[in-house]
Ligand code: FES
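Now the structure itself:
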């Protein structure tokens, strides 16, 4: 199985410069931070997504920590791009197949994009619970 160019490039960029690519987390006690943490039972990989949401309900910044394969890290990096500047309602529209399509994931790696969608869903749920 070969990774697509998009996966390889994102994965390598994140490894070279994690800070620039939003690896990290926000203060969990910040009331404007929503968090989603999910695990994939099939492979044991874990993804954590933090969204910082402004007073108007816009996602102003995103951080992630992912312990997993190249596709999972590329999927995480992609959701950073997809979420920044969006509303919570727009974030809810992001689906695993959008991520899989952009990254050209092979069938055996589709669960990596499912994990990314689940992280977004959990973070949105966390936000709606906090509000
Ligand atoms: Fe587990 Fe990719 S192999 S998330």
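In the numbering used here, the protein residues as written are 1 to 131. Every residue gets a Cβ at the ideal spot worked out from N, C-alpha and C, and that includes glycine.
Helix, strand or coil at residue 116 [DSSP, three-state]: helix
Three-state secondary structure (DSSP) of residue 54: coil
8 Å Cβ shell around residue 31 - same chain, five flanking residues per side excluded: Within the same chain, residue 31 has close Cβ partners 130.
Residue 123: CB within 8 Å of a non-hydrogen atom of ligand 3: For ligand 3, the structure offers nothing, since it holds only ligand 1.
Buried or exposed by the 16-neighbour rule on C-beta atoms within 10 Å, applied to residue 78: Residue 78 should be labelled buried.
Complete runs of the alpha helix (DSSP H) confined to the stretch 39 to 87 [at least 4 residues]: 70 to 83
Same chain, Cβ closer than 6 Å to residue 82, five either side skipped, listed in chain order: Same-chain partners within the cutoff: 94.
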